[in-house]
Each structure stands twice: as structure tokens, then as C-alpha cells.
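Heads up, the final residue of the sequence shown is numbered 513 in the working numbering, and it's a clean run with no missing numbers.
All residues carry an ideal CB built from backbone N, CA and C; glycine is no exception.
Inspection log for the structure reproduced underneath, given as C-alpha cells.
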Amino acid sequence: MTETLRESQVTEISDKLRVYSQLIEEVKIGQVDVSELDSMTDTIERWLLEGQLNTFDKLMSYYVLGHAYCTKKCQLYAPSEAMYNNHIAMKEIYYYRMTLFVVNGIMQKKLHSLFFTALRCAYQAYVHLGNVYDHIGRHQDALHSYSLARTLMPNDYMWKFNIGFSLGNMYGYYEIRTQPFVIEKAKEFLKPFLDKPETSHSALEVYKKIERLNTPFKVIDENYVYNETEKDMYSMWVNDHCLRLNAYNDVNSHSKLAQEDNLYCESIFTPKGQEKSSFRLISMLNEIKQGYVSARYMLYEYFQKSGSCHFSDENVILLDNYQYSNYSYNVELAKAAFRSLYSLLDKIAFALNDYLSLGIKGENISFNSFWYSDKKKRTLRPEILSYTEVISLAGLLFIRNDIYGGSDSFLQAEETKSLQMVRNAMEHRSIQIIDQGVMEDKSTVLYISREDFEEVSMNLIRTVRQAIFCFVNAISHISYDKILEAKEHGLVMSQYYDDVPDCEKV
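In C-alpha cells, the structure reads:
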């Protein structure tokens with residue numbers, strides 16, 4: 008039997024997985040209690056741990072588990088609930104990601120008999136990941152995931168309905184000039200589903216909410232026309248990859264309205280007599296934004312000029328170790344961007360510690376650990392848990408889990424395990440970027456191909472971008488709630504800040 012036939016063969020486990028899929032559908036429509044899924048998930052997780060499944064059964068096991076935990080989450084938790092340390096949501100994300108990990112392996116090994124099944128599973132995984140990202144406040148990641156689903160099955164209804172639902176619920180987080188266009192996009196996506204039985208109730212609820220909104224002005228959403236200047240080529244690259252600190256960049260990438268990094272806190276509330284805390288927050292936000300856009304440009308420089316010799320590298324005598332390693336100014340530029348992006352996560356932790364009055368001493372603050380009153384027991388601080396509906400704050404915690412993982416192996420995303428390896432090698436050992444080959448960890452040296460390094464770098468900058476959005480949205484949400492509460496006691500004061508002119512950025 009060939010490898011392709013062996014890896015795609017239908018087995019007794021395949022038949023059981025089909026039965027389990029039907030059980031999940033019965034739970035969704037209320038015919039079976041959600042507790043019936045517990046023994047099923049235990050069984051499938053045991054199969055995966057035993058490591059005896061062929062590729063087809065492994066793919067379907069991960070997919071069925073993702074679907075099971077998705078169903079559990081929807082049955083047990085309200086959409087507005089911030090799911091801090093929610094293991095059901097964590098496992099849902101993990102198993103859908105592992106579905107995509109297996110799909111990637113199928114494509115690389117060219118297991119043609121599994122291509123159609125892999126395509127369907129990948130499409131479903133992207134849509135469901137988009138939904139759970141949206142549920143935990145990672146709106147940019149959600150739109151990116153829906154976009155990836157769209158590339159696989161552009162005519163299917165699921166991604167269209169869910170992106171419309173997401174935009175219809177999140178329009179208020181967009182800059183005021185772009186809100187009319189976000190609302191129109193949401194209506195455009197939702198309208199075809201208003202009379203479909205499987206989607207009509209939830210679609211109608213959101214559609215009615217946005218239909219009665221008054222859009223005070225209406226202008227044309229025009230695309231920006233790029234010239235061949237260095238500045239415009241950079242802007243086009245930024246917008247192509249949705250790396251702008253501008254939420255509308257994810258809706259219409261090349262709109263004239265998506266050309267600025269205009270993300271800011273809509274409102275910042277500080278109690279009377281504590282105005283200095285808002286100045287500190289603005290300073291931190293400015294530093295985070297500037298650090299991000301500078302690191303972004305360094306990565307752009309690397310991507311554009313990698314492979315060509317910089318004049319500063321000339322006449323630098325290096326010994327050839329015959330391992331095809333790359334040493335250059337461009338590589339060091341990418342490493343500097345990598346380190347800078349990581350440092351922004353700790354700055355977010357510093358800013359939140361100050362604004363939320365957590366009282367953690369400066370030397371003990373890091374994005375990895377500031378969440379916990381007891382890190383060993385993974386006990387979340389009660390001050391953080393008190394924000395029960397600030398889903399963006401929960402989204403930041405999920406980003407922490409993605410990057411740093413923890414004692415539970417399912418916490419860390421498969422793609423960010425390599426991100427951690429690269430970061431640790433940069434800080435403590437040696438990292439060698441080679442022209443081709445697989446990532447290989449050899450005690451003092453980590454070898455990584457140029458292609459893999461570039462993929463890891465893009466993953467990092469997208470993750471940090473999402474973290475910045477979650478940070479700003481969380482502050483805006485918390486401030487808004489505090490303002491509503493303070494109005495009852497007459498404590499609200501208006502605060503106005505001017506923009507820093509470009510001519511002063513020297």
C-alpha cells in the first residue's frame with residue numbers, strides 16, 4: 008500500500024468520528040445535553056495522544072474536537088462575556104489551529120486524495136477561528152481569518168454572514184469617518200441572510216440595530232492611487248499586509264481612509280486630582296505606536312533589500328563556516344525589529360499596570376506574568392477579572408497564551424512556538440539565517456531558513472498589532488464605563504489633546 012493510500016484510508020475510527028460529528032449537531036439543536044460531549048472529547052484526545060492515527064483520522068479528530076469545544080462554548084457562555092482563562096475557548100482555538108497544521112502537512116506531502124477534505128476542513132477552521140477571535144476581542148485577527156476562508160471558498164455563505172455579523176457588532180470601534188462605510192459593508196453582507204432559516208434570527212437582530220443608525224454624512228470611499236515613490240511603495244506594502252494602526256485597513260486595505268496610523272483612545276477617564284495618570288497613559292501609547300511603526304519600517308527594509316549587500320558590510324572580514332549562513336546589515340535590521348516588537352508587549356503591560364492601578368513593582372512587570380497574582384498557580388488578579396465584559400482585555404490574555412504558552416500544552420499556538428525559539432536564540436545564543444533548509448536547534452545555535460524567518464517575523468508583527476488594538480480598545484471600553492459611572496456624581500472633565508505635527512518628529 009502506498010503512503011498516500013495508507014494515510015487517507017477510512018478506518019474504524021473514521022466511522023466513529025462520523026458518529027461523533029452527528030452527536031455534536033444534535034447538541035447544537037438541543038436534542039442532546041451538552042454534557043454528552045465530555046466522554047467524546049476525552050476519547051478523541053486519547054486517540055491523538057496514542058499517536059497511531061493516519062493523516063485522515065488525525066485531520067478529522069482535530070476538526071471534530073474544535074467543533075465540539077466550539078459547541079460547548081456557545082451553549083455555556085454569552086457572547087458578551089470576557090472569557091479569561093476559559094479552557095473551552097482555548098481548546099477550541101488550539102484544535103482548529105491544529106486542523107490547519109495538519110492541512111498544511113497534507114499540502115506539503117502532496118497527499119492528493121485528501122486535498123478536497125483538507126480544503127473543506129481548512130475553510131471551516133478559518134471561519135470558526137474568526138468567530139472565536141471576535142468573541143475574545145481580537146477583531147483584526149477575526150477579519151484576517153475570514154479573509155483566509157474567503158480565498159478557499161469565495162462563494163460560500165459562512166464567511167460572508169460571519170464577517171457581516173462581526174462588522175455590524177463592532178462598527179463603534181472604528182474611527183468616526185469610517186463608521187458609515189463599516190455599517191454599509193455589514194448591511195451588504197447580512198442582507199442576503201435575512202430570510203434564510205439557519206441565519207435569519209441572528210442576522211435580523213444585528214441588521215435592525217445598524218439599519219436605524221443615522222450616518223450624519225456620506226462621502227465616497229475612494230481608493231488611494233499610489234505613485235512609484237519610495238514613500239508610496241512602503242505605504243502599499245503596509246496596507247497590502249494590513250499592518251496599519253488603522254482599523255479600516257482590515258475592511259478596505261487601500262482606501263484613502265486607511266492611509267494613516269490613526270489608532271488612539273476614544274476617551275480617557277481619570278478621577279479628579281489624578282489627571283497625571285492620563286498624561287502617562289498618552290505618553291506610553293505614543294511610545295508604543297512609534298515603536299511599532301519604526302519596527303514595521305525596519306522589517307520593510309529587510310524584506311525589500313534582503314539578499315543584496317549593504318555598503319556598510321563591505322570590507323568586513325568574516326570567516327566562512329560553509330553552512331550558508333547570512334551575516335549582513337539587513338539581517339541585523341530584521342533582528343532589531345524583532346526585539347523591538349517584543350518589547351512593545353512589556354510596554355503594554357506597564358501601561359495597564361498604571362492605568363488599572365494594579366500596584367505591581369516596575370521590575371516585576373512583564374506581558375508574560377503581570378496577569379497573575381500567583382503565576383505558579385496561574386491565579387488571575389481579581390482586578391482584571393472584575394472587568395467581566397471587557398473582551399479586548401481577555402483578548403490580550405489570549406495573545407499572552409499564544410506567545411508564551413504555559414503548563415498546558417494546548418495554550419501555545421503551533422506557529423508561535425517557533426517565534427519563541429527565535430526570540431530566545433536572539434537574546435541568549437546565536438541565530439543563523441540560512442538560504443534554505445528546515446529550522447534546527449543545535450544547543451548554542453538556532454538555524455532557520457530565510458523563508459521561515461520571514462514568516463515568523465510577519466506572524467510576530469501581526470500579533471503585536473493585534474495586541475495594540477486590544478490594548479487601546481480595552482482602555483476605551485474601561486474609560487467609557489468609568490465616565491458613565493462618574494456622570495452620576497458630576498466628576499467628568501473634558502480633556503483635549505493636540506496632534507504632534509510631523510515637522511516636530513525629528
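Residue(s) in a DSSP beta bridge with residue i
i, result
"Asn230", "Ser262"
"Asp448", "Leu453"
"Ile438", "Leu453"
"Asp381", "Thr386"
Cβ shell of residue i (< 6 angstroms), same chain only, five flanking positions each side left out
i, result
"Leu136", "Tyr103 and Ser152"
"Lys263", "Glu229 and Tyr231"
"Glu447", "Tyr454"
"Asp353", "Ser373 and Phe374"
"Asp141", "Ala149 and Ser173"
"Arg303", "Leu250"
"Ser217", "Per the sequence shown, the amino acid found at residue 217 is Ile instead of Ser. Hits under 6 angstroms: Gly175, Ile190 and Ala193."
"Ile113", "Leu121 and Ala125"
Sequence-distant residues of its chain with Cβ nearer than 8 angstroms to residue i (five each side left out)
i, result
"Leu159", "Leu126, Ala129, Tyr130 and Tyr133"
"Leu83", "Val41 and Ile95"
"Lys44", "First, the residue type needs correcting, since residue 44 is Leu and not Lys in the sequence shown. Excluding sequence neighbours, Leu44 sits near Leu30, Ile31, Val34, Ala75, Thr78 and Lys79."
"Ser260", "Asn246, Asp247 and Cys249"
"Ser242", "Tyr231, Tyr233 and Gln266"
"Gln443", "Tyr331, Ser456, Arg457 and Glu458"
"Ser437", "Thr451, Val452 and Leu453"
Buried versus exposed, by CB contacts within 10 Å (16 or more), residue i
i, result
"Thr554", "Only positions 8 to 513 of the chain appear in this structure, which leaves residue 554 out of reach."
"Val507", "exposed"
"Cys477", "buried"
"Ala344", "buried"
"Glu450", "In the sequence under discussion, the amino acid at residue 450 is Ser, which differs from the Glu named in the question. Exposed: under 16 other Cβ atoms inside 10 Å."
"Arg472", "buried"
"Phe172", "buried"
"His435", "exposed"
"Gly37", "exposed"
"Gly366", "exposed"
"Tyr91", "buried"
"Asn293", "exposed"
"Ile183", "exposed"
"Phe405", "buried"
"His119", "exposed"
"Gly144", "buried"
"Arg219", "exposed"
DSSP three-state assignment for residue i, whether helix, strand or coil
i, result
"Asn333", "strand"
"Leu514", "As displayed, the chain neither begins before 8 nor continues past 513, which places residue 514 out of reach and without an answer."
"Ala210", "helix"
"Pro199", "helix"
"Asn269", "coil"
"Arg157", "helix"
"Asn176", "helix"
"Cys316", "coil"
"Gly112", "helix"
"Phe63", "helix"
"Ser464", "helix"
"Asp163", "coil"
"Met240", "helix"
"Val479", "helix"
"Lys368", "coil"
"Asp506", "coil"
"Leu143", "The amino acid occupying residue 143 in the given sequence is Ile; Leu does not appear at that position. Ile143: coil per DSSP, three-state reduction."
"Val41", "helix"
"Gln131", "helix"
"Lys117", "coil"
"Leu363", "coil"
"Ala89", "coil"
"Phe188", "helix"
"Ser285", "helix"
Cβ shell of residue i (< 7 angstroms), same chain only, five flanking positions each side left out
i, result
"Arg13", "Asn61"
"Arg287", "Asp361"
"Lys80", "Ile95, Ala96 and Glu99"
"Met291", "Lys354, Phe357 and Ala358"
"Met177", "His146"
"Asn169", "Val134, Gly137, Asn138 and Tyr153"
- prompt: Are the stretch 199 to 211 and the stretch 225 to 235 in contact at 8 angstroms, needing three or more beta carbon pairs?
  reply: no
- prompt: Should the stretch 82 to 96 be regarded as contacting the stretch 385 to 402, the criterion being three or more beta carbon pairs within less than 8 angstroms?
  reply: yes
- prompt: Are three or more beta carbon pairs between the stretch 181 to 192 and the stretch 252 to 266 nearer than 8 angstroms?
  reply: yes
task: Determine contact between the stretch 296 to 304 and the stretch 344 to 361, defined as no fewer than three beta-carbon pairs at a distance below 8 angstroms.
output: yes
query: Is there contact between the stretch 382 to 397 and the stretch 61 to 76, where contact requires at least three CB pairs shorter than 8 angstroms?
result: no
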